[in-house]
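Below: the structure, in structure tokens.
There are 4 protein chains.
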Amino acid sequence: MSAEPQLRGAKVVAAILEAAAEEISDKGYGGLSIEAVAERAGVNKTTVYRRWPTKAELALEALAQEGDSLFADPATGSLEEDLRVVARRLTRRLRTRRGRALYTVVLENDAGDFKPARSRGDAHAIIERGIARGELPADTDAYFFSAVFFGPVIQQALFASTVPVEAFLTKLVTFALAGARAMAKAQGARGASHIDGPTQKRKP
Amino acid sequence: MSAEPQLRGAKVVAAILEAAAEEISDKGYGGLSIEAVAERAGVNKTTVYRRWPTKAELALEALAQEGDSLFADPATGSLEEDLRVVARRLTRRLRTRRGRALYTVVLENDAGDFKPARSRGDAHAIIERGIARGELPADTDAYFFSAVFFGPVIQQALFASTVPVEAFLTKLVTFALAGARAMAKAQGARGASHIDGPTQKRKP
Amino acid sequence: MSAEPQLRGAKVVAAILEAAAEEISDKGYGGLSIEAVAERAGVNKTTVYRRWPTKAELALEALAQEGDSLFADPATGSLEEDLRVVARRLTRRLRTRRGRALYTVVLENDAGDFKPARSRGDAHAIIERGIARGELPADTDAYFFSAVFFGPVIQQALFASTVPVEAFLTKLVTFALAGARAMAKAQGARGASHIDGPTQKRKP
Amino acid sequence: MSAEPQLRGAKVVAAILEAAAEEISDKGYGGLSIEAVAERAGVNKTTVYRRWPTKAELALEALAQEGDSLFADPATGSLEEDLRVVARRLTRRLRTRRGRALYTVVLENDAGDFKPARSRGDAHAIIERGIARGELPADTDAYFFSAVFFGPVIQQALFASTVPVEAFLTKLVTFALAGARAMAKAQGARGASHIDGPTQKRKP
DNA sequence: TGGTAATCGAGACGGTACGTCCTGTCTTACT
DNA sequence: AGTAAGACAGGACGTACCGTCTCGATTACCA
Chain A
27 MSAEPQLRGA KVVAAILEAA AEEISDKGYG GLSIEAVAER AGVNKTTVYR
77 RWPTKAELAL EALAQEGDSL FADPATGSLE EDLRVVARRL TRRLRTRRGR
127 ALYTVVLEND AGDFKPARSR GDAHAIIERG IARGELPADT DAYFFSAVFF
177 GPVIQQALFA STVPVEAFLT KLVTFALAGA RAMAKAQGAR GASHIDGPTQ
227 KRKP
Chain B
27 MSAEPQLRGA KVVAAILEAA AEEISDKGYG GLSIEAVAER AGVNKTTVYR
77 RWPTKAELAL EALAQEGDSL FADPATGSLE EDLRVVARRL TRRLRTRRGR
127 ALYTVVLEND AGDFKPARSR GDAHAIIERG IARGELPADT DAYFFSAVFF
177 GPVIQQALFA STVPVEAFLT KLVTFALAGA RAMAKAQGAR GASHIDGPTQ
227 KRKP
Chain C
27 MSAEPQLRGA KVVAAILEAA AEEISDKGYG GLSIEAVAER AGVNKTTVYR
77 RWPTKAELAL EALAQEGDSL FADPATGSLE EDLRVVARRL TRRLRTRRGR
127 ALYTVVLEND AGDFKPARSR GDAHAIIERG IARGELPADT DAYFFSAVFF
177 GPVIQQALFA STVPVEAFLT KLVTFALAGA RAMAKAQGAR GASHIDGPTQ
227 KRKP
Chain D
27 MSAEPQLRGA KVVAAILEAA AEEISDKGYG GLSIEAVAER AGVNKTTVYR
77 RWPTKAELAL EALAQEGDSL FADPATGSLE EDLRVVARRL TRRLRTRRGR
127 ALYTVVLEND AGDFKPARSR GDAHAIIERG IARGELPADT DAYFFSAVFF
177 GPVIQQALFA STVPVEAFLT KLVTFALAGA RAMAKAQGAR GASHIDGPTQ
227 KRKP
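Residue numbers (our numbering), protein chains in the order written: chain A, 27 to 230; chain B, 27 to 230; chain C, 27 to 230; chain D, 27 to 230.
Written out as structure tokens, the structure is:
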């Protein structure tokens, strides 16, 4: 009767990941020390090293613990509003040390095949609902649209001195939709996007 | 008695900045240590600390040494081509440890009033030449357009697993121009952008 | 499914002791680690701890595996030669990490009731044969003589910068025999020695 | 005006050596940890490592701080009594963790050219005074005699289960003197000893 | 022959110390 | 005055063993 194997282990893992997340929130990824995580988790340093050989791996797993709410369906009924809501969430999160941490990890290592990319994948649902509702042309490339819409948002939030305010969002939404529609008219279907998500295949 | 005569003033500064730039190229901003810089510059640790209290300040100054060529006028005669050229340069640089370093600094500190924002300002010239040539509507907001065009480029280069290939650039250029034109048609002038350059105030 | 079948009982013990002996030969007692022994023996760490709670105990048992040949009867027919032979063996062994290990164990713990003392007991046979042959006075105290003869040998081998060479041995043999004879003459029997063997009591 | 250079340094050194000596007294050489020494000295770990790369080097220097009193002239007027006094001092010290430490260091490393050997050199004065007084033959080899007399003492003190008691000392003194005299008579001068002190030359 | 008990492997864990690297501050002396 | 030289306290690194523990697998012996 296999009860719970690794019961102790699971607790330890949870404690460590939580501690790591908190440390990141407090001091950012740059200020993250495994010693501090271990102590905060009430765990020995070697226990952390056993599972996460690298600060980066630990941080990534800690940051992956949640964050799924970001692209949750806003269900406003309108694509424009949906995009605005998600962009606001994104912006708010990226003003957080914790929100930025993910990007710092990616930047300091070279890894690209990552949470940021992956979670942006979650945005496709929103876009595809917009397509279904006819707010975007039928042949719109969701990956491309996502890159083009969220790219500037993230960029502004992470690296610009001034916060992208509401007005920017409004303008961006208008711009993106206009671009997508105009492009569709101008060139018709143009094959698959060339920004690929991690692994998945595109359908015709 | 000392073999090497002491470096003085400007020479010291130059040696240190150069050493720092090389260290960053080798090990990235994360792997940058003042000790290593000092040794590489043939200079004492104290001398470095005297002028740059912070690793970030040193890195920023070292990285500012060059990089102005990025937005130099491609002078292809066409806005589309100009944008493509600059985007290619940007992408190539951002695949470099040194290119990424700048963004890492900004991310790890919270400072946003920085090179990235400033240098994007340099892109305005290109865009405004496009406006002058009639390739973009007369009321196009250069700041906004810059953010909307380069945002996705930077985003892809820094954080995406897949390199933004030519096809992406082509699509992006098309998209951006289409968006700008459509927006102009649809709504006319709509007030100033809300993405501000470094310090200057925008007028209504 | 496991490739190697488990070792059991006596086999485990043998494997561990052998592994321990080899480790000591390689790295000395100071460099002896139970982990390394376990791995070398192809045995789990716990299995070692189960039987030898202490590094010292393990080492002692491992070192006790052999070493009985040291005081084996040289049977040269002459006490002087017998002593020389045994002293040479001793010296040679004490130049070995393994040979020294035993003394290190004794020194690091405070335990004195140990192999060194015990094995010196084996030397008595040689001495007593010498007494029987008339090479030493009849009332010679074998324990005392052993201490007085082998003491300097061990001392030189373990702690002196210069190896005790043949000439030293020759001189020592002469000296010891001369001392024993002179002492006998000078004072006659003088009661029991006060260096006791491990446990046994000396009789008057 | 060179005041005291290295004033701070000298204090630190003294503090560390004292702390090390105390640690050794408390826990023996085996239990000596650089961390503990550093803390006890109120000094940073790296400061210790800077000067003593090895535990052994630190221990040796710490143990060399004193210990010169051991072979100080007992000045009893009689060689026999002098030897007894020094032997008693030696024995007493070798029952100490600190006293044993020196020998442990030598044993664990292979270094032989050492304090123990060197300080035994100090014993020569005593022996040579005995020669001068006519208590030993004129051609007695002080090195050899020293080895032959103190060897058993050290041996018993370090490795025997039973303490070498007074009676042993008495017997040993008698034995050694008898041996030296008998040897002189039997063989006359026989050239230099073959146990050499560290470096010095023997005089004819 | 099948079941139970002893033995063992596997490996997580808290803990101590290792020896190294870098930080940022300080003192001293040189030039 | 600016610099080299370098000692220093401090903190974290990543590693090695320690000795303890739990969990299953294996083996051996006994019923």
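Note that beta-carbon positions come from the ideal geometry of N, C-alpha and C, so glycine has one too.
- As summarised for the segment 33 to 108 of chain D, the continuous alpha helix (DSSP H) elements at least 4 residues long and confined to that stretch are 33 to 53, 60 to 67, 71 to 77 and 81 to 89, given in chain order.
- Exposed is the label assigned to T80/B, since fewer than 16 other Cβ atoms lie within 10 Å of its Cβ.
- Straight-line measurement puts the Cα of I42/C at about 7 Å from the Cα of V63/C.
- Across the structure, T102/B and S104/A are spaced so that their CA atoms are roughly 41 Å apart.
- Per DSSP, the unbroken alpha helix (DSSP H) holding A173/A starts and ends at A168 to F185.
- Using a Cβ-Cβ distance cut-off of 8 Å, the segment 52 to 69 of chain C and the segment 107 to 121 of chain C are not in contact, since fewer than three pairs of beta carbons, one from each stretch, lie closer than that value.
- The closest CA to that of A90/A, considering only A151/A, V174/A, G68/A and E44/A, is found on E44/A.
- DSSP places A164/C outside both helix and strand once states are collapsed to three, so it counts as coil.
- If you draw a straight line from the Cα of Y75/A to the Cα of L84/A, it is about 9 Å long.
- A check of alpha carbon separations from A206/C across I180/C, D167/C and G177/C identifies D167/C as the nearest.
- At a cut-off of 9 Å between beta-carbon atoms, A173/C makes contact with chain D.
- When DSSP states are grouped into helix, strand and coil, R121/A belongs to the coil group.
- Taken in chain order, the members of the segment 39 to 71 of chain C whose beta-carbon sits within less than 7 Å of a beta-carbon on chain D are G54 and G56.
- About 10 Å separates the beta carbon of I153/B from that of F176/B, a gap too long to meet the 8 Å contact definition.
- Within the segment 153 to 184 of chain C, contact with chain D at the beta-carbon level (separation under 7 Å) is assigned to F170, A173, V174, G177, P178, I180, Q181, Q182 and L184.
- Using beta-carbon distances, A206/C counts as an interface residue toward chain D, with a partner under 9 Å.
- Closest by C-alpha distance to F185/B, out of K53/A, L133/A, K71/A and S95/A, is L133/A.
- For D148/D, the secondary structure class from DSSP, reduced to helix, strand or coil, is helix.
- Excluding the 5 residues flanking it on each side, T73/A has same chain C-beta neighbours closer than 8 Å at V38, I42 and A64, in chain order.
- Within chain A, no residue has its beta carbon less than 7 Å from that of E106/B; the closest one is some 13 Å off.
- In the three-state reduction of the DSSP assignment, R159/C falls in the coil class, being assigned neither a helical nor a strand state.
- Comparing alpha carbon positions, the residue from A98/C, W78/C and A193/C closest to A149/C is A98/C.
- With fewer than 16 neighbouring CB atoms inside 10 Å of its own CB, R159/C falls in the exposed class.
- Separation of the CB atoms of A127/D and I50/D is rounded to 5 Å, and the pair is thereby assigned contact status at 8 Å.
- Cβ neighbours of L195/D within its own chain (closer than 6 Å, five residues either side excluded): R110 and A113.
- Apart from sequence neighbours up to five positions away, the residues of its chain that approach V199/D with a beta-carbon distance below 7 Å are E106, L109 and R110, ordered along the chain.
- Against T130/C, the close residues of chain D are T130, L133 and E134, in the order they occur along the chain (beta-carbon pairs closer than 8 Å).
- The beta carbons of W78/A and E87/A sit about 7 Å from each other, so the pair counts as a contact at 8 Å.
- For A88/B, not one C-beta of chain A is nearer than 9 Å to its own C-beta.
- Contact annotation, Q181/C with Q181/D: C-beta distance approximately 6 Å; criterion of less than 8 Å satisfied.
- The C-alpha of V191/A lies about 31 Å from the C-alpha of D136/A.
- Here L203/B really is in contact with L162/B; their C-beta atoms are around 7 Å apart, less than 8 Å.
- Nearest CB-CB separation between F194/A and chain B: below the 9 Å threshold.
- Under the Cβ distance rule, A101/A does not count among the residues neighbouring chain B, no pair being separated by less than 9 Å.
- Chain A places no beta carbon closer than 9 Å to that of R115/B, leaving this residue out of the contacts.
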